[in-house]
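Reading through the structure tokens given below for one structure.
Number of protein chains: 2
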Amino acid sequence: MSNLTINADRLLGRIQELGGIGRDAQGRLVRVAASDMDKLGRDRLVGWLEEAGLEVAIDRIGNIFGIWKTGANESQAPVMLGSHIDTVIDAGIYDGCYGVLAGLEAIESLKEAGFAPARPLVVAAFTNEEGVRFSPDMMGSLVFAGGRDLEEALASVGTDGTVLGKELERIGYAGEHEPGFLKPHAYVELHVEQGPVLEREGIAVGAVENLQGISWQRITIDGEANHAGTTPMSMRRDAGVAAARVIGFLADRAGASSTRTVATVGTIAFEPNAINVIPSRATFTIDLRDPDEMHLREMEAALVAFLDKLAASAGVTVQAESLARFEPVTFDARIVSLIEDGARGAGPSCRRMTSGAGHDAQMIARVAPSAMIFVPSRGGISHSPAEFTAPDELVAGANILLDVAARLAAD
Amino acid sequence: MSNLTINADRLLGRIQELGGIGRDAQGRLVRVAASDMDKLGRDRLVGWLEEAGLEVAIDRIGNIFGIWKTGANESQAPVMLGSHIDTVIDAGIYDGCYGVLAGLEAIESLKEAGFAPARPLVVAAFTNEEGVRFSPDMMGSLVFAGGRDLEEALASVGTDGTVLGKELERIGYAGEHEPGFLKPHAYVELHVEQGPVLEREGIAVGAVENLQGISWQRITIDGEANHAGTTPMSMRRDAGVAAARVIGFLADRAGASSTRTVATVGTIAFEPNAINVIPSRATFTIDLRDPDEMHLREMEAALVAFLDKLAASAGVTVQAESLARFEPVTFDARIVSLIEDGARGAGPSCRRMTSGAGHDAQMIARVAPSAMIFVPSRGGISHSPAEFTAPDELVAGANILLDVAARLAAD
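Line order of the protein sequences matches chains U and X.
full-length UniProt numbering applies: residue 1 is where the first sequence begins, and numbers increase by one.
full-length UniProt numbering applies: residue 1 is where the second sequence begins, and numbers increase by one.
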């Protein structure tokens, strides 16, 4: 199959075209899940699926499937390629859309080339991967994989007070299929890296072998407000200084560690937040990730120990609240090898890597062998109009997807 | 004069009565400068000045003076006792008001006792010491001392868009006297400590010999926003971590120093302030104070050096903007001694101390020998309804004020 390639112009043209659909008055890309803008993008995708001769199926959570099956293979579990086409607010054009359109492109090219797969091939666009309007993110794939009750998900209330189920009906994407009506033989998701590793190392393709575990916490430190001028340093219970100690500790430990743990404090607030008042309270969030559950737990335990010590030494009280906790996902070793083989065959450099972000693939991995392919993100930037991957990199990634899909479909 | 004492019941009653004037619908004390609530407090004070037989004079910045002069002493420079009666939002009842009402009480008691001063005695209530609505704080005394142009001060625009001069006219306190029309022979300000030192040491009275220098800065650190999951620790330019390093440095240096430098970071903000995004920007304020100008400068220089090193090592850019800078004030040695003598004569324990907060006395010290007397603040708390000083402590402080005023008026 290695002599088959995708239609590069068609793929690149569709990425640009879909990226132009769902812009607001300021020109921002805002195809937020189950919105009017999302409907415009979905309609265009469905049009392309139909043009490619695929059977279109929508499930009850709004996931869209384009199915290529033949009389000879329709009893087999399909090979699924997919991602999502909903976006954040003021998004780039590649995140998610690239994986869906490249999946379609791979299937369409195989079909046009007269390839005769032993299994059906399916491209999937999962509902609400971004989680901007309805929580949680990766909802469509989570429901598809049986990880969340359908009715509960449909009852989700959005940030704007709308109900997801009603919105899906309104935009015409409350389908009839039960989520999970397809049982994938394998799932492959092609995605922009959204991180700096591939660009920094000059490597064209990432064979994603696992996905980091995530631990999100909110920390609240209570000290004592006091006058900044009249309170000697030794008599202070400064919640802000205590927060700074935690931030420094996390950066030091994650920075010095031989593990791949990353730690981020992205939000913070002081109370009363006055220039001449010692903070009585500091509230901040912690985002810890590691591809190894044991290392993630070690970091969490080290944090607990540090917070205990800090509470005693700084005269503050510390509360920690878990906001989210996902164990790491290990992708299917055979598919990861097929990705490496595909890269080797076609020429681009390739490395095994970890996904730092969450993706639909982590949900589908619950029910089918899964893996991901990454291509470089310029400057590591994503969730921004500045998101960019060069055309030749997009094409190289899609050709590997085609290659892997063809091999899996021959199983 | 040491056998004269104030009328304790009258003083305590007036403190309570003034503290009940200018409450909002939630019961909060809100006599913010030049507001309708401030007018209510001013009107009550003027009533008491008139009842005491003092001549009431208002200057153009709204400072209120109650003057006791006789035909025999009217050509002499007066001894001035004073503070302010404007408050913060949700204030306690002692800050400022205690000094004004105790000044009135000392003069009224001397007058009633038939004391014959060689100099006039004046009680002053300075406009807008708190600086909540109009900036800067200590404005009335600063203008009185010639440290700020009158017209500029009257043109100050408040946080609510009002103009100070218009507001003073509106509430009837745009007086006719030029600020500085009185040239004090000496100035004494009695005030609650607003800090924990006296209570902690079990000492009744502070003879305030100096007032800390203040350096206020706003620091802006720019790094690079990036995905919290996909950006390795070694590739980050985390503005939030850099800010935490600064906060830790200040607490460490001020805490370990043998100087009396205090350092506070009271406000902070991250951008974009999202749980899963490395902060691109951190903005925070620094409040440095020391009674010794040299030590204050050393701290400022150490901060500059630290920020320079940080910018290089953390890959961030750092901007520092000065928001305010006052050199320390040394009060008049003779008045400080008189305060100590007064305490010794009357019995309460006394220690020399530094004022950590700014006060009108630091402005008047530009034009006349000045000093301050402190009494304990329960828990060091101020600018809060929880502000409290016990009645016997209030009375003891006022009696020392009377004693010192009488001695100075005999000059």
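All C-beta atoms, glycine included, are put in the ideal place defined by N, C-alpha and C.
Only a predicted model underlies this, so the values are computations on that prediction, with no experimental measurement involved.
Chain U beta carbons: is any one of them nearer than 7 Å to that of residue i?
{"i": "X:Val375", "result": "no"}
{"i": "X:Thr330", "result": "no"}
{"i": "X:Arg289", "result": "yes"}
{"i": "X:Met1", "result": "For X:Met1, the predicted model reports a pLDDT of 45, less than 50, meaning its position is unreliable and no value from the coordinates is stated."}
{"i": "X:Thr285", "result": "yes"}
{"i": "X:Leu190", "result": "no"}
{"i": "X:Ala357", "result": "yes"}
With C-beta atoms as the reference, is residue i less than 7 Å away from residue j?
{"i": "U:Glu189", "j": "U:Ser83", "result": "yes"}
{"i": "U:Gly342", "j": "U:Ile381", "result": "no"}
{"i": "U:Ala346", "j": "U:Leu81", "result": "no"}
{"i": "U:Gly195", "j": "X:Thr354", "result": "no"}
{"i": "X:Gln319", "j": "X:Thr220", "result": "yes"}
{"i": "U:Met138", "j": "U:Gly358", "result": "yes"}
{"i": "U:Asp86", "j": "U:Asp38", "result": "yes"}
{"i": "X:Met372", "j": "X:Ser141", "result": "no"}
{"i": "X:Ala409", "j": "X:Val79", "result": "yes"}
{"i": "U:Ala398", "j": "U:Glu152", "result": "no"}
{"i": "X:Ile203", "j": "X:Arg351", "result": "yes"}
{"i": "U:Pro376", "j": "U:Glu193", "result": "yes"}
{"i": "U:Gly180", "j": "U:Phe134", "result": "no"}
{"i": "U:Ile58", "j": "U:Gly41", "result": "no"}
{"i": "U:Gly206", "j": "U:Phe374", "result": "yes"}
For a contact defined as C-beta to C-beta under 7 Å, what are the partners of residue i on chain X?
{"i": "U:Ser382", "result": "His227"}
{"i": "U:Trp216", "result": "Ile275"}
{"i": "U:Ala244", "result": "Ala244, Ile247, Gly248"}
Determine, using beta carbons only, whether residue i comes closer than 7 Å to chain X.
{"i": "U:Asn210", "result": "no"}
{"i": "U:Gly195", "result": "yes"}
{"i": "U:Val265", "result": "yes"}
{"i": "U:Arg366", "result": "no"}
{"i": "U:Ile247", "result": "yes"}
{"i": "residue 421 of chain U", "result": "Absent from the model: residue 421 of chain U. The displayed extent of chain U is 1 to 411, so no value can be given."}
{"i": "residue 420 of chain U", "result": "Because residue 420 of chain U is not part of the residues shown, which for chain U are 1 to 411, the question remains open."}
{"i": "U:Gly240", "result": "yes"}
{"i": "U:Phe302", "result": "In the sequence on display, residue 302 of chain U carries Ala and not Phe. No, because no Cβ of chain X sits closer than 7 Å to the Cβ of U:Ala302."}
Heavy atom of the ligand FAD less than 6 Å from the Cβ of residue i, yes or no?
{"i": "X:Gly99", "result": "This structure simply doesn't include the ligand FAD, nor any ligand for that matter."}
Beta-carbon within less than 7 Å of residue i's beta-carbon, same chain only, minus the 5 sequence neighbours each way: which residues are those?
{"i": "X:Glu327", "result": "Gly213, Glu293"}
{"i": "U:Thr267", "result": "Phe284, Thr285"}
{"i": "X:Val46", "result": "Val56, Ile64"}
{"i": "U:Leu288", "result": "Ser215, Thr261, Ala263, Leu296, Met299, Glu300"}
{"i": "X:Arg378", "result": "Glu199, Phe388, Thr389"}
Ordered along the chain, which non-local residues of its own chain (more than five positions away) have a Cβ less than 8 Å from that of residue i?
{"i": "X:Asp392", "result": "none"}
{"i": "U:Leu323", "result": "Trp216, Gln217, Arg218, Thr285"}
{"i": "U:Gln16", "result": "Ile93"}
{"i": "X:Pro272", "result": "Ala225, Pro279, Ser280"}
{"i": "X:Ile275", "result": "Ala228"}
{"i": "X:Gly147", "result": "Met363, Arg366"}
{"i": "X:Ser109", "result": "Leu4, Thr5, Ile6, Asn7, Leu402"}
So with CB distances below 9 Å, who are the chain U contacts of residue i?
{"i": "X:Val262", "result": "Ala228, Gly229, Thr230, Thr231, Pro232, Met233, Arg236"}
Report all residues from its chain with a CB closer than 6 Å to the CB of residue i; omit the five preceding and five following residues, and keep chain order.
{"i": "U:Phe270", "result": "Gly240, Pro279, Ala282"}
{"i": "X:Gly99", "result": "Ser83, Glu189, Leu190, His191"}
{"i": "U:Gly315", "result": "Arg237"}
{"i": "X:Gly19", "result": "Ile93"}
Using a C-beta to C-beta distance shorter than 8 Å, which residues of chain U count as neighbours of residue i?
{"i": "X:Ile278", "result": "Thr264, Gly266"}
{"i": "X:Gly82", "result": "In chain order: nothing, as chain U lies at least about 20 Å away."}
{"i": "X:Gly255", "result": "Met233, Ser234"}
{"i": "X:Ala251", "result": "Met233, Asp238, Val241, Ala244"}
Show which residues of chain X have a CB atom less than 8 Å away from the CB atom of residue i.
{"i": "U:Arg200", "result": "Met235"}
- Within the chosen definition, does the stretch 30-40 of chain U reach the stretch 130-141 of chain U through at least 3 CB pairs nearer than 8 Å? The stretch 30-40 of chain U, when compared against the stretch 130-141 of chain U, does touch it at the 8 Å Cβ threshold.
- Message: So, does the stretch 235-255 of chain U touch the stretch 291-309 of chain U, judging by three or more C-beta pairs under 8 Å?
- Response: Here the stretch 235-255 of chain U lies against the stretch 291-309 of chain U, with 3 or more beta-carbon pairs under 8 Å apart.
- Item | the stretch 305-317 of chain X contacting the stretch 345-359 of chain X, beta-carbon criterion three pairs below 8 Å | Result no; under three Cβ-Cβ pairs closer than 8 Å.
- Message: Any contact between the stretch 109-125 of chain X and the stretch 56-67 of chain X? By contact I mean 3 or more CB pairs, one from each, below 8 Å.
- Response: Counting C-beta pairs closer than 8 Å gives three or more between the stretch 109-125 of chain X and the stretch 56-67 of chain X, which meets the contact rule.
- Query: Would the stretch 106-119 of chain U and the stretch 151-165 of chain U be scored as touching if the rule is three or more Cβ pairs under 8 Å?
  - Reply: Three or more Cβ pairs closer than 8 Å define a contact, and the stretch 106-119 of chain U falls short of that threshold against the stretch 151-165 of chain U.
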